[in-house]
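Quick note: the sequence shown uses my numbering, first residue 4, plus one each step. No residue lacks a Cβ here, since even glycine has one placed at the ideal position from N, Cα and C. As the structure is a prediction and not an experimental result, all values here were calculated from the model.
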Amino acid sequence: MKNYHVSLLALAIGVLSVFGCTPTEEPTPLQDGLGEGEYIPLKELFKDHFPIGAAVTPNHMDSRTPHGRALIEHFNSLVAENVMKPDALQRVKGTYTWTNADRIVQFAKENNMMVRGHTLTWHSQTPDWFFYDENGDLHTPEVAMKQLEEHITAVVSRYKGDVYAWDVVNEAMFDWDPNGQIIYREDSPWYKIMGPAYIDSAFVYARRADPDAKLFYNDYNSIFSWKRNKIFDLVKRLKDNNIPIDGVGLQGHWTVGVSEQDLRTTLDLFRSLGVEIQITELDLSVYLSNDEPGSTIYTDAFNMRQRIAYPMLMKVLLDYSDIITGVTFWGIGDDASWLDTPGRKHFPFLLDEQLQPKPAYFEVQKLIRR
4 MKNYHVSLLA
14 LAIGVLSVFG
24 CTPTEEPTPL
34 QDGLGEGEYI
44 PLKELFKDHF
54 PIGAAVTPNH
64 MDSRTPHGRA
74 LIEHFNSLVA
84 ENVMKPDALQ
94 RVKGTYTWTN
104 ADRIVQFAKE
114 NNMMVRGHTL
124 TWHSQTPDWF
134 FYDENGDLHT
144 PEVAMKQLEE
154 HITAVVSRYK
164 GDVYAWDVVN
174 EAMFDWDPNG
184 QIIYREDSPW
194 YKIMGPAYID
204 SAFVYARRAD
214 PDAKLFYNDY
224 NSIFSWKRNK
234 IFDLVKRLKD
244 NNIPIDGVGL
254 QGHWTVGVSE
264 QDLRTTLDLF
274 RSLGVEIQIT
284 ELDLSVYLSN
294 DEPGSTIYTD
304 AFNMRQRIAY
314 PMLMKVLLDY
324 SDIITGVTFW
334 GIGDDASWLD
344 TPGRKHFPFL
354 LDEQLQPKPA
364 YFEVQKLIRR
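Written out as structure tokens, the structure reads:
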């Protein structure tokens, strides 16, 4: 569940919505020779700062399709939206299904793209046999960890040298606890079996399988104080105990009201740990709250909000490009997003439903190319 955090930016967007103001008029010619409506592909725009990625499905892996062409034009990194998760790779114990994941890796190779692996250890989208025996009882820690080690070793070894970074553990921290007393997701079968030690073990197994891959802990709502402090403590504990972790993945499931202060505070905090940061699942919803009426039309208000919020966000990320080693959108364009529900589209990306740059795209472009 996402937290729609009220910020000064959100208030400013609300005021501007009322009075119909926009940050600038429609995209204008740039000083470096680009004409009106001309754009620089995202991967070129950010080439001196960090890779730009997209979450994809195997169906996108065709250069003859609009999605395939958009990927080749704009992105230099890919992550599988679902087909590298445990239930996709090993639904039946001991039977691996590599075809879909292989397809993404092969497309990346053919088009000089990097690949992030997502995800090795998670309580969700993981078959029950990982956790329960034939009687429905939880496995002993010994059995569960042996199975996890076998899975991680098989997956990471297969893609050694092809997948440069892995989300080793995903969403292990408890989300909302006003008193800060609940640290881990105690409803996770992994936690029920052996407490937080499964996190340590997963990173050790991944490092053994590929000593050169970058290993990340990945979570959502990670820019908010009640959760980022828990993540900080986890990563510090791992580092203090010489558990191999290279970075933190901040799932960027945010809205146009995302707080610049929350972003900067979070990035400063993790910078102090000396780890890499990647924005792993970026989508910037046009809504300010869950209660705002939904729409299937990209309104002028939505357009204006993103033209303010996206440049602010990207400016922050550029300011921390010394520690940010990747920014990955959780999709390609506004035609499809996991956020969308009937009657309520979120239009969260810089590419529109036709996979063309939106006005917010040009605002970001001007931010860099001035």
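How would you label residue i, buried or exposed, when you count the other beta carbons within 10 angstroms and need 16 or more for buried?
{"i": "Pro32", "result": "Note that Pro32 scores 39 on pLDDT, short of 50, meaning its location in the model is unreliable and no value can be drawn from it."}
{"i": "Gln357", "result": "exposed"}
{"i": "Val118", "result": "buried"}
{"i": "Pro26", "result": "Only weak support exists for where Pro26 lies, its pLDDT of 49 falling under 50; the value from the coordinates is given anyway. Answer is exposed; the Cβ neighbour count stays below 16."}
{"i": "Trp257", "result": "buried"}
{"i": "Asp170", "result": "buried"}
{"i": "Ala200", "result": "exposed"}
{"i": "Gly139", "result": "exposed"}
{"i": "Pro345", "result": "exposed"}
{"i": "Lys88", "result": "buried"}
{"i": "Ser191", "result": "buried"}
{"i": "Glu28", "result": "In this prediction, Glu28 scores a pLDDT of 44, lower than 50, which makes its location untrustworthy; no coordinate-derived value is stated."}
Rounding to the nearest angstrom, what Cα-Cα distance links residue i and residue j in this structure?
{"i": "Leu370", "j": "Gly336", "result": "21 Å"}
{"i": "Asp322", "j": "Gly97", "result": "46 Å"}
{"i": "Glu189", "j": "Thr68", "result": "43 Å"}
{"i": "Trp101", "j": "Val108", "result": "10 Å"}
{"i": "Pro214", "j": "Asn293", "result": "43 Å"}
{"i": "His154", "j": "Tyr162", "result": "13 Å"}
{"i": "Pro359", "j": "Lys230", "result": "Reading off the sequence, residue 359 comes out as Gln, not Pro. Cα to Cα, Gln359 sits roughly 35 Å from Lys230."}
{"i": "Gln128", "j": "Glu39", "result": "45 Å"}
{"i": "Gln34", "j": "Pro130", "result": "At Gln34, the pLDDT of 43 sits below 50, so the modelled position is not reliable; the number obtained from the coordinates is stated separately. Going by the C-alpha atoms only, they are around 55 Å apart."}
{"i": "Ala91", "j": "Gln184", "result": "34 Å"}
{"i": "Arg267", "j": "Gly297", "result": "30 Å"}
{"i": "Glu137", "j": "Tyr187", "result": "27 Å"}
{"i": "Lys348", "j": "Ala175", "result": "29 Å"}
{"i": "Asp105", "j": "Ser66", "result": "16 Å"}
{"i": "Arg372", "j": "Leu285", "result": "22 Å"}
{"i": "Pro61", "j": "Lys46", "result": "21 Å"}
{"i": "Asp325", "j": "Gly164", "result": "24 Å"}
{"i": "Phe49", "j": "His77", "result": "10 Å"}
{"i": "Pro374", "j": "Asn232", "result": "Since the first residue of the chain shown is 4 and the last is 373, residue 374 is not available in this structure."}
{"i": "Lys195", "j": "Val146", "result": "14 Å"}
{"i": "Pro44", "j": "Glu263", "result": "25 Å"}
{"i": "Ser160", "j": "Gly255", "result": "28 Å"}
{"i": "Met315", "j": "Gly260", "result": "11 Å"}
{"i": "Thr299", "j": "Met148", "result": "46 Å"}
{"i": "Asp303", "j": "Glu295", "result": "15 Å"}
{"i": "Asn85", "j": "Leu342", "result": "15 Å"}
{"i": "Met307", "j": "Asp271", "result": "29 Å"}
{"i": "Asp236", "j": "Trp179", "result": "16 Å"}
Using CA atoms only, rank isn't needed, just tell me which of the options is closest to residue i.
{"i": "Asp249", "options": "Gly255, Arg267, Phe273", "result": "Phe273"}
{"i": "Tyr208", "options": "Ala304, Thr124, Glu84, Leu316", "result": "Thr124"}
{"i": "Trp193", "options": "Leu141, Arg240, Val158", "result": "Leu141"}
{"i": "Asp51", "options": "Asn79, Ala175, Val259, Phe365", "result": "Asn79"}
{"i": "Phe305", "options": "Tyr290, Met315, Leu316, Pro314", "result": "Tyr290"}
{"i": "Trp333", "options": "Gly346, Val59, Glu41, Leu48", "result": "Val59"}
{"i": "Thr283", "options": "Leu45, Glu41, Pro54, Ile186", "result": "Pro54"}
{"i": "Asp355", "options": "Gln309, Arg372, Val146", "result": "Gln309"}
{"i": "Trp132", "options": "Arg94, Asp180, Asp338, Asp105", "result": "Arg94"}
{"i": "Met116", "options": "Gly71, Ala212, Met315, Met148", "result": "Gly71"}
{"i": "Pro247", "options": "Asp271, Phe177, Glu279, Val261", "result": "Glu279"}
{"i": "Arg210", "options": "Pro89, Asp338, Asn245, Phe110", "result": "Asn245"}
{"i": "His126", "options": "Val166, Val159, Phe110, Phe177", "result": "Phe177"}
{"i": "Val166", "options": "Asp303, Met307, Asp236, Phe110", "result": "Phe110"}
{"i": "Ala73", "options": "Leu342, Asp338, Asp343", "result": "Asp338"}
Would you please state the rounded distance, in angstroms, between the beta carbons of residue i and residue j? I believe it to be under 8 Å.
{"i": "Leu320", "j": "Ile327", "result": "6 Å"}
{"i": "Leu287", "j": "Pro362", "result": "Not confirmed; about 14 Å, so no contact."}
{"i": "Met64", "j": "Pro144", "result": "About 39 Å separates the two Cβ atoms, so there is no contact after all."}
{"i": "Leu276", "j": "Val330", "result": "Actually they do not touch by this definition, with Cβ atoms about 19 Å apart."}
{"i": "Leu353", "j": "Tyr313", "result": "7 Å"}
{"i": "Ala57", "j": "Tyr99", "result": "Incorrect: roughly 25 Å between the Cβ atoms, too far for contact."}
Should residue i be flagged as near chain C, meaning a C-beta pair shorter than 8 Å?
{"i": "Leu276", "result": "No chain C is present in this structure, which holds just one protein chain."}
Just to confirm, is the Cβ distance from residue i to residue j under 8 Å?
{"i": "Gln281", "j": "Phe227", "result": "no"}
{"i": "Asp243", "j": "Ile234", "result": "no"}
{"i": "His121", "j": "Val82", "result": "yes"}
{"i": "Thr269", "j": "Ser340", "result": "no"}
{"i": "Lys112", "j": "Ala168", "result": "no"}
{"i": "Asp203", "j": "Leu241", "result": "yes"}
{"i": "Asn114", "j": "Ile75", "result": "yes"}
{"i": "Val251", "j": "Met317", "result": "no"}
{"i": "Ala212", "j": "Leu151", "result": "no"}
{"i": "Phe365", "j": "Tyr42", "result": "yes"}
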